[in-house]
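K.L.:
Here you go, one structure.
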Amino acid sequence: MKTLGLEDNFLGIEESHSDINHAAIAIVSAPYEHTVSYGGGTGRGPSAILDASHYVEFWDEEFRRELCFEKGIATIEPIDFGGRSDAYALARIETQVRDLLARDKFVVTLGGEHTISSAPIRAHFEKYPNLSVLQIDAHSDLREEYEGNPFSHASVMARVLEFLPPQRLVQAGIRAQCREEHERIEREGIQTFFGWEIRQGVYGQSWKERVLDALGPEVYITFDIDGLDPSIMPSTGTPEPGGLLWDETIQLMKMIGTHRRIVGFDLVELAPVEGVTWPDFLAAKLVGKMLNAAFIGR
Ligand SMILES: [Mn+2]
Numbered sequence: 004m005k006t007l008g009l010e011d012n013f014l015g016i017e018e019s020h021s022d023i024n025h026a027a028i029a030i031v032s033a034p035y036e037h038t039v040s041y042g043g044g045t046g047r048g049p050s051a052i053l054d055a056s057h058y059v060e061f062w063d064e065e066f067r068r069e070l071c072f073e074k075g076i077a078t079i080e081p082i083d084f085g086g087r088s089d090a091y092a093l094a095r096i097e098t099q100v101r102d103l104l105a106r107d108k109f110v111v112t113l114g115g116e117h118t119i120s121s122a123p124i125r126a127h128f129e130k131y132p133n134l135s136v137l138q139i140d141a142h143s144d145l146r147e148e149y150e151g152n153p154f155s156h157a158s159v160m161a162r163v164l165e166f167l168p169p170q171r172l173v174q175a176g177i178r179a180q181c182r183e184e185h186e187r188i189e190r191e192g193i194q195t196f197f198g199w200e201i202r203q204g205v206y207g208q209s210w211k212e213r214v215l216d217a218l219g220p221e222v223y224i225t226f227d228i229d230g231l232d233p234s235i236m237p238s239t240g241t242p243e244p245g246g247l248l249w250d251e252t253i254q255l256m257k258m259i260g261t262h263r264r265i266v267g268f269d270l271v272e273l274a275p276v277e278g279v280t281w282p283d284f285l286a287a288k289l290v291g292k293m294l295n296a297a298f299i300g301r
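The opening residue of the sequence shown carries number 4 in my numbering; numbering runs sequentially from there.
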């Protein structure tokens, strides 16, 4: 597996700390964009995150460490799908993630549209059969298919529920869904924390604790960047008002990292806007914060 050097890798790290044989963390880039429903550009997400990461500090003032030098972070060369999509593309991603998990790497997958997430989730589920999945998202993504395509970004969690028991799916920040998705959540006992419930204080200050309580001991996080509020994250294809804000999101990640074991995560749906780089930087910094949260105590 070829890795990217200092000029292009996550955080801009020298080979001594970004070489795959020594790094504990591996970054997978899946620039997959195929089922755009509104705004496009997610195919440029991974490279925009890697570019912006060069302006993220190595030292994290909150977690008080330089995780990149303590653990090492290798950035794998972006997957080339050769213009192919759907099952073929997902198999490519899944194979790469599975290989890295077999080498005991902590794997971060960068999208790309949300469709890609079923691949790393399946690979993690194989390794961790008790896995819980936390989905941060504006949308439930539980439609059986969307615009006739079962591999749509709007159907990704329906694909995940083909192998993950529905009670182990926890969704937070949801603020757009169709009746079919609503009925599925009710019927199958999916634990969904809606944006309006969070914002209107239905759970009081403790909504984050309720999310934590819903999760089992081993957690995979699939983070659709549109789960964040468009005021802090405008660069995404289907923005929805009423989303999560920065500090509460980082607090939630920190709580999960403290009380559960985060075994892997992905960040998807960043659609960079030409000339507007701060959302790309936010996404890069979020990856750094999530890594720090995942490595609390280890
Ligand atoms: Mn999504």
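Virtual Cβ for every residue (Gly too), placed ideally from N, Cα, C.
Quick caveat: nothing in here was measured; it's all calculated off a predicted structure.
Nearest to V266 by CA position, among T280, A297, V276, is which residue?
P.N.:
Sequence index remark: in the sequence shown, residue 266 carries index 263 (1-based). That would be A297, whose Cα lies nearest to the Cα of V266.
K.L.:
Exposed or buried, Y41, counting other C-beta atoms within 10 Å across all chains shown (16 or more means buried)?
P.N.:
On the sequence shown, position 38 is the one that residue 41 refers to. With fewer than 16 other Cβ atoms within 10 Å, it is exposed.
K.L.:
Quick test of the definition: if touching needs 3 or more C-beta pairs under 8 Å, does the stretch 41 to 55 touch the stretch 263 to 280?
P.N.:
Verdict: yes, contact present.
K.L.:
Do I96 and S21 have their C-beta atoms closer together than 9 Å?
P.N.:
Within the sequence shown, numbered from 1, the residue matching residue 96 stands at position 93. Within the sequence shown, numbered from 1, the residue matching residue 21 stands at position 18. Their beta carbons are not under 9 Å apart, which means I96 does not touch S21 by this criterion.
K.L.:
Within 9 Å (strictly less), CB to CB, does R263 reach chain D?
P.N.:
No chain D is part of this structure, which consists of one protein chain only.
K.L.:
Using 10 angstroms around the beta-carbon of L255, count the other beta-carbons present and answer buried if the total reaches 16, otherwise exposed.
P.N.:
In the sequence shown, the residue the question calls residue 255 occupies position 252. Classification for L255: buried.
K.L.:
Tell me the residue span of the alpha helix (DSSP H) that contains D283.
P.N.:
In the sequence shown, counting from the first residue as 1, residue 283 sits at position 280. Note, D283: alpha helix (DSSP H), 281 to 297.
K.L.:
Evaluate contact between the stretch 222 to 241 and the stretch 132 to 151, counting only Cβ atoms and requiring at least three cross-stretch pairs below 8 Å.
P.N.:
Contact between the stretch 222 to 241 and the stretch 132 to 151 is present, because at least three Cβ pairs lie under 8 Å.
K.L.:
Please confirm whether any heavy atom of ligand 1 lies closer than 8 Å to the CB of V136.
P.N.:
Translated into positions along the sequence shown, residue 136 becomes position 133. No - ligand 1 has no heavy atom lying nearer than 8 Å to the Cβ of V136.
K.L.:
Taking all protein chains shown into account, do 16 or more other C-beta atoms lie within 10 angstroms of the C-beta of E221, making it buried, or fewer, making it exposed?
P.N.:
Along the sequence shown, one-based indexing puts residue 221 at 218. Buried is the call here.
K.L.:
Measure from the alpha carbon of A122 to the alpha carbon of each residue in E148, D89, A105, I253, then state which is nearest.
P.N.:
Counting from 1 along the sequence shown, the entry for residue 122 is found at position 119. A122 has its Cα closest to that of D89, out of E148, D89, A105, I253.
K.L.:
For a test of the three-state rule: what should DSSP assign to T78, helix, strand or coil?
P.N.:
On the sequence shown, position 75 is the one that residue 78 refers to. Strand at T78.
K.L.:
Out of curiosity, what's the CA-to-CA distance linking I253 and P282?
P.N.:
Here the question's residue 253 lines up with position 250 in the sequence shown. Here the question's residue 282 lines up with position 279 in the sequence shown. So the two alpha carbons sit approximately 16 Å from each other.
K.L.:
Between which two residues does the beta strand (DSSP E) containing T261 stretch?
P.N.:
Walking along the sequence shown from the start, residue 261 turns up at place 258. Element bounds for T261: not the beta strand (DSSP E) but the alpha helix (DSSP H), 249 to 262.
K.L.:
Could you tell me whether the stretch 53 to 68 touches the stretch 99 to 109, using the rule of 3 or more Cβ pairs below 8 Å?
P.N.:
Too few Cβ pairs lie closer than 8 Å, so no.
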